[in-house]
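A.B. asks: Residue numbers for the sequence shown follow the numbering used here, beginning at 867 and rising by one.
One structure, as structure tokens, below. Some questions next.
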Amino acid sequence: MPQQVRAVVAATRDAPVTVETIVIPDPGPGEVVVDIAACGVCHTDLHYRQGGINDEFPFLLGHEAAGTVEAVGEGVEDVAVGDYVVLNWRAVCGRCRACSRGRPWYCFATHNATQRMTLTDGTPLSPALGIGAFADKTLVHQGQCTKVDPRAEAAVAGLLGCGVMAGLGAAINTGEVGRGDSVAVIGCGGVGAAAVAGARLAGAARIIAVDLDPKKLEWATGLGATDTVRADQVDVVAAVKELTGGNGADVVIDAVGVPQTFTQAFYARDLAGKVVLVGVPTPEMTLELPLLDVFSRGGAVKSSWYGDCLPSRDFPMLVDLYLQGRLDLAAFVTEKIGLEDVEDAFARMHQGDVLRSVVVL
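Written out as structure tokens, the structure reads:
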């Protein structure tokens, strides 16, 4: 039978979120109901609340989550009742042109649950990134569930569902950071700090954290940065070059996503180095670069979608590294809160006071 549970809903553009009672239908074909244990507060949720993604209000927010499979629909084979899972917003189809060419991390036909969760009056909800996990339970497609080791605390494991995976993957998957490389990360919030951790995990010899905020640089140092640069006090490009023998870094990751930081990243890399854009620009932003500079510097300029991750491959591996003590995912959890605290958590995130607030249910 359909269930009624608590959930955080953004009813209209820029209005404070509220905790409402919502209806979760029984899972249909290919669908799964997950009992949520924890869900991180991501900047993408704030974008939904502000109307920056689309205007399909009301939104059911939350997407960086871990929990336990409670019920499965017809034809579900990937998971079973009782499985401990991290939710992901890239349920690969296995059939599109990217998947058929062996590049499922670029899947062009990712999918979500078919049925809609609703308010008690029947109003359909739009789940954030097809998940909607600021809730006691949620309905997702089976492909959005990735089984991981149940020994990993949900408040930690769930962060792989979005921001932390985006940063780690920007370094490891997109940037292909190698042993002995030099890496600069511009912007050291949640995603940038994760890129620092990913560069360290990959064996980078020098990791340069760049930010305006000394608190974020301190976080980055704790996660593996060897050097820090205050972007408001020095010329970023000159500082990165000075720290890399005058050459520039092998990989520069822009975790901010504005024209100024991308331009800094472009010129702060070594010849034939890589620039990785993982920060998300807004639609009106434009970029102008001399085409000769693009040609003469060589290398690669790449965007990183979700850290170019494949959840079925990357989530279990990263959880295992966390359990082995080789990846400090717990360092990203600044505070644990309740559903009723999400609006205040948005304010703290916007002010740069936290790496991640995590709703614990």
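Even glycine gets a Cβ: it sits at the ideal position worked out from N, Cα and C.
Measuring alpha carbon to alpha carbon, tell me which residue in Gly-1088, Leu-1158, Gly-1173 is nearest Cys-1028.
C.D. replies: The count along the sequence shown starts at 1 and reaches residue 1028 at position 162. Ranking Gly-1088, Leu-1158, Gly-1173 by Cα distance to Cys-1028 puts Gly-1173 first.
A.B. asks: Can you give the beta carbon distance from Ala-1061 to Gly-1044, rounded, assuming they're within the 8 Å contact cut?
C.D. replies: As a working mapping, residue 1061 is identified with position 195 in the sequence shown. As a working mapping, residue 1044 is identified with position 178 in the sequence shown. Contact flag wrong, Cβ pair sits at about 15 Å.
A.B. asks: Reducing DSSP to helix, strand and coil, say where Arg-1072 ends up.
C.D. replies: The sequence position of residue 1072 within the sequence shown is 206, counting from 1. It is a strand residue.
A.B. asks: Is the beta carbon of Thr-1040 closer than 9 Å to that of Lys-1168?
C.D. replies: The residue given as residue 1168 occupies position 302 in the sequence shown. The residue given as residue 1040 occupies position 174 in the sequence shown. In contact: Lys-1168 and Thr-1040 (Cβ atoms closer than 9 Å).
A.B. asks: Let me confirm a value: Asn-978 is counted as buried when at least 16 other C-beta atoms fall within 10 Å, else exposed. Which label applies?
C.D. replies: Sequence index remark: in the sequence shown, residue 978 carries index 112 (1-based). Its Cβ being crowded by 16 or more others within 10 Å, Asn-978 is buried.
A.B. asks: Go through its chain and collect everything with a Cβ distance to Pro-1182's Cβ below 8 Å, but skip five positions before and after it.
C.D. replies: Residue 1182 sits at position 316 when you count from the first residue of the sequence shown. Closer than 8 Å at the Cβ level, and outside the excluded window around Pro-1182, lie Thr-1012, Lys-1013, Val-1014, Asp-1015.
A.B. asks: When burial is assigned at 16 or more other CB atoms within 10 Å of the CB, is Val-1095 buried or exposed?
C.D. replies: For this step, residue 1095 is matched to residue 229 along the sequence shown. That one is buried.
A.B. asks: If you follow the alpha helix (DSSP H) that Val-898 is in, where does it begin and where does it stop?
C.D. replies: If you number the sequence shown from 1, residue 898 lands on position 32. No alpha helix (DSSP H) holds Val-898; the beta strand (DSSP E) holding it covers 897 to 906.
A.B. asks: Would you call the CB atoms of Val-1076 and Val-1106 closer than 9 Å?
C.D. replies: For this step, residue 1076 is matched to residue 210 along the sequence shown. For this step, residue 1106 is matched to residue 240 along the sequence shown. A contact, by the Cβ cut-off of 9 Å.
A.B. asks: Per DSSP, which residues does Gly-933 bridge with? Please list them.
C.D. replies: Taking the sequence shown and counting its residues from 1, the one referred to as residue 933 is at position 67. Per DSSP, Ile-902, Val-951.
A.B. asks: Which residue or residues does DSSP assign as beta-bridge partners of Thr-1040?
C.D. replies: By 1-based counting over the sequence shown, the position of residue 1040 is 174. Beta-bridge pairing links Thr-1040 to no other residue.
A.B. asks: Can we say the region 981 to 991 touches the region 1154 to 1161, given the rule of at least three CB pairs closer than 8 Å?
C.D. replies: Because the criterion of three Cβ pairs below 8 Å is not met, the region 981 to 991 and the region 1154 to 1161 do not touch.
A.B. asks: Look at Val-1022 and Val-889 and say whether their C-beta atoms are less than 9 Å apart.
C.D. replies: One-based indexing of the sequence shown puts residue 1022 at position 156. One-based indexing of the sequence shown puts residue 889 at position 23. No, the pair does not count as a contact, with Cβ atoms beyond the cut-off.
A.B. asks: Kindly indicate which three-state DSSP category Leu-1005 falls into: helix, strand or coil?
C.D. replies: Sequence index remark: in the sequence shown, residue 1005 carries index 139 (1-based). Leu-1005 falls in the strand class under three-state DSSP.
A.B. asks: Just tell me which of Tyr-1188, Ile-1119, Gly-1055 has its CA closest to the CA of Cys-908.
C.D. replies: For this step, residue 908 is matched to residue 42 along the sequence shown. With distances taken between Cα atoms, Cys-908 lies closest to Gly-1055.
A.B. asks: Since Ile-890 sits in a beta bridge, which residues does DSSP pair it with?
C.D. replies: The residue you call residue 890 lines up with position 24 of the sequence shown. In DSSP, Ile-890 forms a bridge with Gln-869.
A.B. asks: Count the CB pairs spanning the region 895 to 903 and the region 912 to 926 that are closer than 8 Å, and state whether there are at least three.
C.D. replies: No: fewer than three Cβ pairs fall under 8 Å.
A.B. asks: Of all the options Glu-886, Ile-1073, Gly-1123, which has the alpha carbon lying nearest to the alpha carbon of Asp-1087?
C.D. replies: Locating residue 1087 in the sequence shown gives position 221, where the first residue counts as 1. A small fix is needed here, since residue 1087 is Thr in this sequence, not Asp. The shortest C-alpha separation from Thr-1087 is found at Ile-1073.
A.B. asks: Return the chain-ordered ranges of every alpha helix (DSSP H) run that is complete within the region 1107 to 1158 and spans a minimum of 4 residues.
C.D. replies: Those alpha helix (DSSP H) runs which fall completely within the region 1107 to 1158 and span 4+ residues are 1125 to 1134.
A.B. asks: Measuring only the C-alpha atoms, how far is Pro-1177 from Cys-959?
C.D. replies: Position 311 of the sequence shown, counting from 1, holds the residue named residue 1177. Position 93 of the sequence shown, counting from 1, holds the residue named residue 959. Using only the alpha carbons, I get a separation of about 13 Å.
A.B. asks: Where do the N-terminal and C-terminal ends of the beta strand (DSSP E) with Thr-910 fall, by residue?
C.D. replies: By one-based count along the sequence shown, residue 910 stands at place 44. No beta strand (DSSP E) holds Thr-910; the alpha helix (DSSP H) holding it covers 909 to 916.
A.B. asks: Going by alpha carbons, who is nearest to Val-874 out of Cys-905, Asp-892, Pro-891?
C.D. replies: Residue numbering aside, residue 874 sits at position 8 when the sequence shown is read from its first letter. Comparing Cα positions, the closest option is Cys-905.
A.B. asks: With 16 other CB atoms within 10 Å as the buried threshold, where does Gly-948 fall?
C.D. replies: For the purposes of this step, residue 948 is taken as residue 82 along the sequence shown, with counting starting at 1. Classification of Gly-948: exposed, given that the 10 Å Cβ count is below 16.
A.B. asks: I'd like to know whether the C-beta atoms of Leu-1189 and Ala-1018 end up nearer to each other than 9 Å.
C.D. replies: As a working note, residue 1189 is residue 323 in the sequence shown. As a working note, residue 1018 is residue 152 in the sequence shown. In this structure, Ala-1018 lies closer than 9 Å to Leu-1189 by Cβ.
A.B. asks: From the DSSP output, which residues share a beta bridge with Phe-925?
C.D. replies: Position 59 of the sequence shown, counted from the first residue, corresponds to residue 925. Answer by DSSP bridge pairing, in chain order: Ala-876, Ser-992.
A.B. asks: Quick check on the DSSP output: the alpha helix (DSSP H) that includes Glu-1206 runs from which residue to which?
C.D. replies: Taking the sequence shown and counting its residues from 1, the one referred to as residue 1206 is at position 340. Unbroken run through Glu-1206: none, as it is neither H nor E.
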